[in-house]
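Residue numbers (numbering that gives the first Met the number 0): 0 to 259.
By construction, the Cβ of each residue, glycine as well, lies at the ideal position given by its N, Cα and C atoms.
Shown next, in structure tokens, is the structure this report addresses.
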Amino acid sequence: MGAAREEDDLYTVDELAAATGTTVRTTRYYAGLGLIPPPIRRGRMAYYTSLHRARLDLVRALQDHGFTLAAVEQYLRRLPDDAGVEDLALQRAMLTSWGGGRREPVTRRQLEAQAGRPLSDDDVDRLEKIFAVRRDGDRYELLPAFDVALRLDSLDLPTDSLEVASEAINRHMVALADELTDVLRHRVLKPFRGREHSEADTAAFEQTMSRLRQLTLEAVVAGFQRAANDVITRSLSGSRPEAGSPEPGQARGTTAQSTR
Numbered sequence: 000m001g002a003a004r005e006e007d008d009l010y011t012v013d014e015l016a017a018a019t020g021t022t023v024r025t026t027r028y029y030a031g032l033g034l035i036p037p038p039i040r041r042g043r044m045a046y047y048t049s050l051h052r053a054r055l056d057l058v059r060a061l062q063d064h065g066f067t068l069a070a071v072e073q074y075l076r077r078l079p080d081d082a083g084v085e086d087l088a089l090q091r092a093m094l095t096s097w098g099g100g101r102r103e104p105v106t107r108r109q110l111e112a113q114a115g116r117p118l119s120d121d122d123v124d125r126l127e128k129i130f131a132v133r134r135d136g137d138r139y140e141l142l143p144a145f146d147v148a149l150r151l152d153s154l155d156l157p158t159d160s161l162e163v164a165s166e167a168i169n170r171h172m173v174a175l176a177d178e179l180t181d182v183l184r185h186r187v188l189k190p191f192r193g194r195e196h197s198e199a200d201t202a203a204f205e206q207t208m209s210r211l212r213q214l215t216l217e218a219v220v221a222g223f224q225r226a227a228n229d230v231i232t233r234s235l236s237g238s239r240p241e242a243g244s245p246e247p248g249q250a251r252g253t254t255a256q257s258t259r
């Protein structure tokens, strides 16, 4: 799998921007930063290939995960010089968001509009502690737990109980995500990259990855339901957890590490 071939489809900057969902201005800006290679010049015209498109798609996927442009540049710098379209597509498949995508940062007033009520500084601090929002200066990013946090808030539960529960959920989910990502990288992605495959195979693999994400989320929910039922059953019978089962407050498997 090497660089794009000479006979690959060619795009003008307008066509490339339309194909990747960006603007012409943004596409040229990224090219100026070196995030995508210079276009191919043919006379006075500049053309882009499928390799440019795959790289631009990867840039957008990285940004969807919260990477700054500086972090995107560092990430791209670590890619092999001969990384081709399929290599970039597989990189993007690993990065595709598990949720509905990131929300644009909002102001305090917009945050209150989303919450449907005024928010005190203590309210905002609590939203941060329960991983519902992430503060960045005077802007706020609404995390996937934001809508859940609003519904929990209506239950009139003690504030500290929500914070402790959220911390436990986050701790275990990070550890689980670490372990599952490691399995995916070494037991699914690495074997696929190690064998010959066509562009159609790569496209099918991306579809499989998308379906796998949804099934994994469903499996996590089902697994928690099963584990919760086991805990209730043990508490009613007075039995102890099975050998090797984590005690409350302990994560099974590896210590939480950043996956980025």
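Our two residues, arginine 27 and arginine 225, have alpha carbons roughly 51 Å apart in a direct line.
Judged by beta-carbon spacing, isoleucine 35 lies beyond the 7 Å limit of tyrosine 46, meaning their Cβ atoms are not closer than that value. Linking arginine 91 to leucine 235 through their CA atoms gives a straight-line distance of about 47 Å. For alanine 53, the enclosing alpha helix (DSSP H) begins and ends at 49 to 63.
The C-alpha of aspartate 146 lies about 8 Å from the C-alpha of alanine 131. In the displayed model, isoleucine 129 falls within coil according to three-state DSSP, outside both helix and strand. DSSP places arginine 212 in no beta strand (DSSP E) but in the uninterrupted alpha helix (DSSP H) bounded by 198 to 236. Look at aspartate 181 here: in three-state DSSP terms it is helix. As computed with DSSP, glutamate 140 is found in a beta bridge with Arg133. Residue pairing by DSSP places arginine 40 opposite Ala45 in a beta bridge. Per DSSP, aspartate 13 is one residue of the alpha helix (DSSP H) stretching across 12 to 19. Ranked by Cα distance from serine 49, the options Phe66, Gly65, Gln73 and Ala18 are led by Ala18. Distance from the CA of threonine 201 to the CA of alanine 164, rounded to the nearest whole angstrom, comes to 40 Å.
Setting aside the 5 residues that flank it on each side, proline 79 is surrounded in the same chain by Asp86, each with a C-beta closer than 8 Å to its C-beta; the list follows chain order.
Within 10 angstroms of the beta-carbon of isoleucine 231 lie fewer than 16 other beta-carbons, which makes it exposed. If you draw a straight line from the Cα of arginine 116 to the Cα of aspartate 159, it is about 21 Å long.
A contact between stretches requires three or more CB pairs, one per stretch, nearer than 8 Å, and the segment 126 to 143 fails this requirement with the segment 182 to 190. Counting only the Cα atoms, leucine 149 lies some 24 Å from alanine 227. When the alpha-carbon of leucine 9 is set against those of Ala70, Ala88 and Met44, the nearest one is in Met44. Across the set Ala174, Ala60 and Glu178, the C-alpha of Ala60 shows the shortest separation from the C-alpha of methionine 93. Annotation for glutamate 205: Ala88 and Ala92 place their beta carbon closer than 7 Å to its own, counting only its chain and skipping 5 residues before and after.
Annotation for arginine 27: the continuous alpha helix (DSSP H) segment containing it runs 23 to 32. Bounds of the alpha helix (DSSP H) holding phenylalanine 191 are 189 to 192. Counted as a single uninterrupted DSSP element, the stretch harbouring phenylalanine 66 is not any alpha helix (DSSP H), since DSSP gives it neither H nor E.
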